[in-house]
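As structure tokens, the structure follows; a few thoughts come after it.
2 protein chains.
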Amino acid sequence: MKNAIEPKKRKPPAERREEIVAAASRLAVAEGLERLTLRRVAEELGVVPGLVNHYFPVADDLVAAAFGFAAAAEREAIFRGIDPLAPPLAQMRYIMAHLLDDSADATSLLWLDAWQATRNRPLLRAEVAAQMRGWQDAMISVIRRGVAAGVFGVADPRRAAMRIMALIDGFSVQAAMRSQIVYDAVRDLVFETVARELGLPPGALRP
Amino acid sequence: MKNAIEPKKRKPPAERREEIVAAASRLAVAEGLERLTLRRVAEELGVVPGLVNHYFPVADDLVAAAFGFAAAAEREAIFRGIDPLAPPLAQMRYIMAHLLDDSADATSLLWLDAWQATRNRPLLRAEVAAQMRGWQDAMISVIRRGVAAGVFGVADPRRAAMRIMALIDGFSVQAAMRSQIVYDAVRDLVFETVARELGLPPGALRP
DNA sequence: AGCAATATTGGTCAAACGACCAATAATCAG
DNA sequence: CTGATTATTGGTCGTTTGACCAATATTGCT
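First to last, the protein sequences are chains H and L.
Going letter by letter, the first sequence gives residues 1 to 207 in my numbering.
Going letter by letter, the second sequence gives residues 1001 to 1207 in my numbering.
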């Protein structure tokens, strides 16, 4: 019984690092990138601030990693829920439903934080750009499948995906203002415009 | 010659207050809302930080006022440049050209800052909401004029304005990422979609 | 002219932050 | 088993921030 309060435990570096990023990601989603500090992450894990600083000598690295973790996790969760055997229209409807869900609020705020913070954090900007590319690639492949199946009338899947993502970005801004009236109206706009972009009838994507 | 360096001058409170807000607005546009602090504003004006604090005992008030000033100034500058005798289509094309101009970068970044900062600043959120309403109202009246003249095919001007503004918000996000390729593609999307929203041919608004 | 009001100064204060560092102890290689 | 490595601790340091305050000087009112 050397230390009755807390035995000093040591974890393999890779595991500890992942643990830190996960905690930081949780904090980022819950309270925003602004409040993501070394001290808060350390407190969340029950370790000393210096330890977090040991793994992330530059704080911006941690912010970028936390955002990347959260964004990738959410994207993968959505795409993991897709039935690969479902028709492309159903797949697209599933994606849109989750992106424009009421529960997407926290994610929208996180993205908004990230876009703003890229202004002064080059590392975060690279990570945000990478995550946006990840979304775009995923969207492109879904569109391609729809085109191959003959249900989407799209000439250039890549450009269509870019336009759809831009629309959803605009939706995130509205979500941040928390005006339910605007929120619903813009959601309708996104559903309609995306449907039109894919050569579908106006209500084809609405849940 | 009591003080050879700087004579202590006193200005009428209203004028001084306006001077402070103007300086803060300048700073907000140039460096972002993040770097808008009492000290920087004071330095910009050549006064002591305590003086700024005297006029704005709560710093959030100054941030909200600075954003409101900048946003209102830009909006009024655009609408003042509109020829009231020009046909509605030309008016709309003028507005869109200025909103999606390359020089709109600084403004886009300011709005992005503001949207993000509403998360923790209720006063700023109210100001942002007010400015968004201002834009929406201005847009509605232009649309109404076009509808009255029979050149815009719009059923509900209010909803059309909301949708158009949401599209432009999405464009601001892309502008913040500074990827020229995406930037141009999204600009095309906005031009096309707004034209479609107003019942115009696809290229009607492109400059 | 004299007085009240207050704009303006100059300074302090505590809080929070990232960065840094020496000391300790757990882990692993030889 | 022994020594090298390094994860982890606990603490300091300088910076920046918003807030606060007493003292002073200017303005406006009577």
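Where is the CB? At the ideal position from N, CA and C, for every residue including glycine.
Residue burial is scored here from C-beta neighbours: residue 25(H) has at least 16 other C-beta atoms within 10 angstroms and is therefore classed as buried. Of the other Cβ atoms in all chains shown, 16 or more fall within 10 Å of the Cβ of residue 1088(L); this residue is therefore buried. At least 8 angstroms separates the beta-carbon of residue 148(H) from that of residue 154(H). The stretch 119 to 131 of chain H makes no contact with the stretch 173 to 193 of chain H; the number of CB pairs closer than 8 angstroms stays below 3.
Contact between residue 1112(L) and residue 116(H) holds: CB atoms are separated by about 5 angstroms, below the 8 angstroms threshold. Residue 1039(L) sits close to residue 1049(L), with the two beta carbons spaced by under 8 angstroms.
At a Cβ-Cβ threshold of 8 angstroms, residue 131(H) and residue 162(H) do not count as neighbours. For residue 173(H), the nearest CB of chain L lies under 8 angstroms from its own CB, placing it at the interface with that chain.
Taking 7 angstroms as the cut-off between beta carbons, none of the residues of the stretch 1067 to 1087 of chain L comes near chain H. In this structure residue 1020(L) is buried. Its beta-carbon is surrounded by 16 or more other beta-carbon atoms within 10 angstroms. Around the beta carbon of residue 157(H), a 10 Å sphere encloses 16 or more other beta carbons of the protein chains shown; the residue is thus reported as buried. Its Cα nearest to that of residue 1083(L), the residue 1094(L) stands out among 1144(L), 1060(L) and 1094(L).
Within chain H, the residues 112, 113 and 116 have their CB atoms less than 7 angstroms from the CB of residue 1116(L), given in chain order.
From the beta-carbon of residue 189(H), the residues of chain L found nearer than 7 angstroms are 1163 and 1166. Taking all protein chains shown into account, residue 1077(L) has fewer than 16 neighbouring C-beta atoms within 10 Å of its C-beta and is therefore exposed. Note on residue 1046(L): under 16 other CB atoms within 10 angstroms of its CB, so exposed under the neighbour-count rule. Under the 8 angstroms criterion on CB atoms, residue 1176(L) is classed as interfacial with respect to chain H. Apart from sequence neighbours up to five positions away, the residues of its chain that approach residue 1145(L) with a beta-carbon distance below 8 angstroms are 1088 and 1091, ordered along the chain. In the DSSP assignment, residue 58(H) falls outside any alpha helix (DSSP H), carrying neither H nor E. The beta carbon of residue 32(H) sits closer than 8 angstroms to those of 109, 110 and 113, all from its chain and outside the five residues before and after it, given in chain order. In this structure, the beta-carbon distance from residue 55(H) to residue 17(H) falls below 8 angstroms. Per DSSP, residue 1019(L) is one residue of the alpha helix (DSSP H) stretching across 1013 to 1031.
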